[in-house]
Structures are given as C-alpha cells and as structure tokens.
Ligand code: PFF
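In this note's numbering, the protein residues as written are 51 to 505.
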C-alpha cells in the first residue's frame, strides 16, 4: 500500500514547507524591489488567487486521484497519449530547479557559518556587505562545498521517506520559521526606514507595470507555490482519502503568501533605513540583512537566526523537488528509495556545478543574456512552470474530464458553488490567462533575442 501522511497537520505542514522557501524570502523581496514595488505585489497576489489556488487544487486532486508521481499520474489518467509528456516536463523541471536552488541554499549555510565565526559582525555598511557577498559567491571552492552540503541535507531527509523524514521535519521546522520571521519584522520596524519602506511596498505606481512585471509576477506565483511541475501532485498522492483538499489548499496558499508578504515587511523598512536601492537583485537579502544586524546590539545572534531560517525554508522546499524526481524512479522504474535518492541526488548536484560557478569563474559565460544560473532560473520559473500549469489545467479540464475527479473535493462541502467555480476556472480562465501571458512572453523574448543578434 502507498505510504500516507501521518496526519492532516503533517500534510499541510509538508506542503507548506515545499511552498515556503527561498522563493518567499530570497526571491520575492528582490523581485519586488527590482520589478516595481507595490505594483508587482498586486499582480503577484492576483496571480496567486486567480491561477495559483485553482491549480494547487487541481494538482492535489490529480495526486490523490491517481496516487502516483507526476509521470505515473498522467499515465494512469491519459496513458498512451502525448499528455504523459506533461508528467515528464514536471520531473525535468524538478531536476533543473533543484540544481540552481541548491546553490542559493548553499549560500545560506555559508552565511550561518560566517555568523557563527563572527565574520558577519564587521559588515556594517551595505557596501562592505555587498563586497563580501560578491567575494563569497565568486569563490569556486566554497560555492561548491556549500552547494554539496545543501544537496546532502535534502538527500538525508528524503532518504527517511514520507512520514519519518519529510513530515517529521516539516512539522517542527515550519512553526519555528514563522516565529523567527516575526522577531525579524519587529527589528525592522524600529530601523527608521519604516515609512519609506512601507510606502514602496504598499503604495502601487501602476505606471511601473510592464509585460516584464506581469511575467515575473506570474512565474513567481508558480515558483513560490511549487506549482506547475507536479510537486503538489506527488505530495497529494500520499494524502489519505479522508482529508479535505479544498481546506488544505486554502491553508497552503495562505501560509505561502503570508510568509512572502512578511518577508517584504522584514526587508524593505531596513533597505530604506540604510538608503539602499531596493533593486539590488539576487544579493538583496544577503546585503541588507548582515548590514542591519551588524549595527545592532546582539545582532550576530539575529543574523545567524535569519540565515538559519532561510536554510530551513530552503531545505523543506529542496526536499519536495528531490521527492518528485525520486518518486518517479521509485514508482515507475521500481528503484528502491535509497537508490533513487543517491543516484538522482548526485546527478542533480553535478548539474548544479555550473550554476555554483556562475558568480565566479563562469560569470562571463552568457546564455541568452544571462549566466548559466540565470538561464536555468528563467527557463524553469518563467517557461516550464507556467507551461506545466497550463497543460495540467487543459488536461484535467478538457481531456480527462473534471466529472471524473470532482468527487475528490471535500464531499461534504455545503458550498457547491465553490466546486463549480473551481471547475469553471480550471476549464476556461486558467488556460486562457496562461496562454495569453505565455504568448506575450515568447514574443518579448523573441524580440529581445533578435535585437541582441543585430546589436
Ligand atoms: N516553492 C519553493 C520556494 O518558494 O522556494 C520552490 C519550489 C519548490 C518550486 C518545489 C517548485 C517546486 F516544485
């Protein structure tokens, strides 16, 4: 019999643990900072509600209905048709995302070590902190070692299986993460930059909305909610029949969005207090946070706590990425869990090497205008995940048929209209919106590519 989650709380914590990660605390603040502040936040929230929540429900429904990994799920629903490729797209996305995700996860370990050895205490201006970050990420040896350490942490947890590994860890780590974040927000509010920070974060300037903003917000919604690649199909496959999917989906989306928004509250007041530019890019939290804490009594403790939090969030997400890949080899190829974890973990770690070196010796190697790291990030977040979500919605809504799966939704729910609304969105709204955005993305990238060709 298939292994199941031990409890409802355990499942929600594990799924929220997959969703809440570097995407919320590292990526969301820097994208908000560089893509238009509050205007970006609004589009992101719209994408979460209109596309994220319905597709989250769809993935959980598919997972529990089929009790399989993404490839197996599509095989059992629409086997023998090209739709099975959607499952493979998911497994490949998990593979690619983890390879660069682990590099950033590795940085968090590096910063914990720096904090514990007192090396963060002299980063008291943003410039010094930025220089330190550049030197740290450019160093090939430490980048690689920390990347491997992060991969090893994920492998260790996935090794333990669903209940004994993934669920047990998430149940402890997720609440801790919330608590630490609240402490950090408290510190940020007394930093002196609250007014400017909040105005940047909460007062939208709609003239800043461009196609680029919309695509980034949409990709971020998918990335942050772990959607479009079957992570939630896989987690849903371990969900027992008695659990209520609608309620669980609401909680996962709520917790993920809450953590992203809280991370913004923790970061932006301090950014403005230090007169930094919010558009610092991927280094934003690594520049701001050490500089804030270095100036504060007891700051070293809080700095270590912050990077520990980021590490926890990253590991629980990394684990879900690895689980998708391993579940495929366990279910479809009959591999043992240990074999799948060791072989696939090692291959992903190797694939991560060029991403780990993208900030140092490979920084001059450009692929489509960015480093190898940027290329994999953009390829997966902006293309593969929204495309995966698009096909999941179309396959469920048009090919397999919603009537075969709708009974998976909370059977005793009094609000029938919620089910109907979901069915309508999955069939008509999600595919349409994703199609339009996707076409404009391809068009924008094509124009940029041609411009580069003739530049
Ligand atoms: N949602 C994770 C984050 O926000 O960091 C990243 C992620 C995990 C994306 C799992 C996709 C996935 F399947």
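Just so it is clear, CB atoms sit at the ideal spot from N, CA and C, and this is done for glycine as well.
Coarse secondary structure for residue i, derived from DSSP in three states
i	result
residue 420	strand
residue 54	coil
residue 387	helix
residue 495	helix
residue 170	coil
residue 297	helix
residue 430	helix
residue 259	coil
residue 288	coil
residue 506	Because the chain is modelled from 51 through 505, residue 506 falls outside the range shown and cannot be assessed.
residue 85	coil
residue 276	coil
residue 189	coil
residue 402	coil
residue 70	coil
Whole-number beta carbon distance between residue j and residue i, since they are thought to touch under 8 Å
i	j	result
residue 60	residue 217	4 Å
residue 458	residue 54	Their Cβ separation, rounded to whole angstroms, is 15 Å, which puts residue 458 and residue 54 out of contact at 8 Å.
residue 450	residue 121	At roughly 15 Å, the Cβ-Cβ gap does not stay under 8 Å, so residue 450 and residue 121 are not in contact.
residue 283	residue 112	5 Å
residue 110	residue 278	Their Cβ separation, rounded to whole angstroms, is 14 Å, which puts residue 110 and residue 278 out of contact at 8 Å.
Proximity winner among the options, relative to residue i (alpha-carbon distances)
i	options	result
residue 372	146, 195 and 70	146
residue 167	442, 456 and 353	353
residue 500	423, 418 and 200	418
residue 366	132, 204, 86 and 426	204
residue 447	433, 438 and 473	473
residue 81	455, 317 and 397	317
residue 267	92, 56, 454 and 471	92
residue 75	424, 273 and 452	273
residue 231	358, 252 and 304	358
Short Cβ contact (8 Å threshold) for residue i with residue j
i	j	result
residue 507	residue 481	Because the chain is modelled from 51 through 505, residue 507 falls outside the range shown and cannot be assessed.
residue 361	residue 159	yes
residue 152	residue 201	yes
residue 438	residue 428	no
residue 350	residue 484	no
residue 276	residue 69	yes
residue 342	residue 241	yes
residue 63	residue 244	no
residue 239	residue 319	yes
residue 107	residue 295	yes
residue 190	residue 376	no
residue 193	residue 406	yes
residue 432	residue 162	no
residue 422	residue 404	yes
residue 409	residue 188	yes
Span of the alpha helix (DSSP H) around residue i
i	result
residue 220	218-239
residue 411	Element bounds for residue 411: n/a, residue is neither H nor E.
residue 347	Counting along the chain, residue 347 falls outside any alpha helix (DSSP H), and DSSP gives it neither H nor E.
residue 123	120-128
residue 249	244-252
residue 325	Careful: residue 325 lies outside any alpha helix (DSSP H) and carries neither H nor E.
residue 112	103-116
residue 458	First-last for residue 458: undefined, no H or E at that position.
residue 436	435-444
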